[in-house]
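Student: Got a structure here, written out as structure tokens. Questions coming.
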């Protein structure tokens, strides 16, 4: 499970780098870059043994890769989970967030966290496995726990401001999809769905499209994810929607380095938010 580290990153210069560890089902991703150095971004992905407890594989990965615990300029722990909800800032109370998560989900994770959305008057409340949270908190230097949807919302709000039609953004992951709708920078809808088949993806897209009241002839769908899957979905959706385009990586991201093309969109968005 040893990660092949980039020659650009050494213990002597790690304090210049922002490191992000992305915790996902069945593994993790690791990225690091120096904001002051162009093309310094690099990305690695690690698969875990799914027959073992996640926290056991996580500990093994840390023990075999001591650079994960070096001192960095900033350490982000990106939590990829569908267990989240947005709470208006006007009614959000720190002491009540665990109750809100328990009300929304029948089996909430042991640790309830929240991120203030800097571009929205809302708090993003989410759950994390207690053992995973405790281990990361002990092993990393001042980690910041970030839900993976937060950076996406910041990116899409900025992009949609410049577009008159409503935008439905969809990111396809393995067996999960993130969906958000914007009208010129105003968030109308956000949720994540788990899917088994292509038909599930089509159903959720068209269901949200109808619920939000989007126009089949004017509004736009933007897809990001596995190219063959995306193309397959697009061919079918052309029967219902006029404007369907691939969701491109922001042009400024290419300045960080060629390996940015390998990273998930939420990691890219998080990096751009910190530049």
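Residue numbers (the working numbering): -13 to 261. By construction, the Cβ of each residue, glycine as well, lies at the ideal position given by its N, Cα and C atoms. Keep in mind that this is a model prediction, so the values were computed, not measured.
1. Using the DSSP secondary-structure output, state which residues sit across from residue 232 in a beta bridge.
2. Does the structure place the region 27 to 36 close enough to the region 54 to 72 that three or more beta carbon pairs sit under 8 Å?
3. In this structure, what does DSSP give as the bridge partners for residue 259?
4. Return helix, strand or coil for residue 163, following the three-state DSSP convention.
5. Please classify residue 109 as buried or exposed, where buried requires at least 16 other C-beta atoms within 10 Å of its C-beta.
6. Excluding the 5 residues preceding and the 5 following residue 150 in the sequence, name in chain order all residues of the same chain whose CB lies nearer than 8 Å to its CB.
7. At which residues does the alpha helix (DSSP H) containing residue 123 begin and terminate?
8. Which residue or residues does DSSP assign as beta-bridge partners of residue 108?
9. With DSSP as the reference, label residue 95 as helix, strand or coil.
10. With 16 as the cutoff for other CB atoms within 10 Å, does residue 96 come out buried or exposed?
11. Find out if the Cβ-Cβ distance for the pair residue 18, residue 3 is shorter than 7 Å.
12. Look up residue 200 in the DSSP assignment and say whether it is helix, strand or coil.
13. To the nearest angstrom, report how far apart residue 232 and residue 157 are at their CA atoms.
14. What's the C-alpha gap between residue 39 and residue 114?
15. Does DSSP classify residue 64 as helix, strand or coil?
16. Nearest-angstrom Cα distance between residue 126 and residue 8?
17. Measure the beta-carbon distance from residue 138 to residue 251 and round it to whole angstroms, keeping in mind my assumption that it falls under 8 Å.
18. Taking all protein chains shown into account, do 16 or more other C-beta atoms lie within 10 angstroms of the C-beta of residue 10, making it buried, or fewer, making it exposed?
19. Could you give the C-beta distance for residue 58 and residue 135, rounded to a whole number, given that I count them as a contact under 8 Å?
20. Straight-line CA distance for residue -10 to residue 35?
21. Can you check the region 6 to 45 for any beta strand (DSSP E) of at least 3 residues that lies completely inside it and give the ranges in chain order?
22. Report yes or no: do the region 115 to 124 and the region 41 to 52 share at least 3 C-beta pairs separated by less than 8 Å?
23. Considering only C-alpha positions, which residue in the set 67, 68, 101 and 66 is nearest to residue 83?
24. At the level of alpha carbons, what is the spacing between residue 235 and residue 77?
25. With 16 as the cutoff for other CB atoms within 10 Å, does residue 217 come out buried or exposed?
26. Please name the residue or residues paired with residue 133 in a DSSP beta bridge.
Tutor: For this structure:
1. 209
2. no
3. For residue 259, no pairing in a beta bridge is given by DSSP.
4. strand
5. buried
6. 170
7. 116 to 125
8. 74 and 103
9. Note: residue 95 maps to coil in three-state DSSP.
10. With fewer than 16 other Cβ atoms within 10 Å, it is exposed.
11. yes
12. For residue 200, the secondary structure class from DSSP, reduced to helix, strand or coil, is coil.
13. 10 Å
14. 15 Å
15. strand
16. 13 Å
17. 7 Å
18. Counting every other CB atom within 10 Å of its CB across the protein chains shown gives residue 10 a total of 16 or more, marking it as buried.
19. At roughly 23 Å, the Cβ-Cβ gap does not stay under 8 Å, so residue 58 and residue 135 are not in contact.
20. 19 Å
21. 13 to 19 and 28 to 33
22. yes
23. 101
24. 35 Å
25. exposed
26. 65
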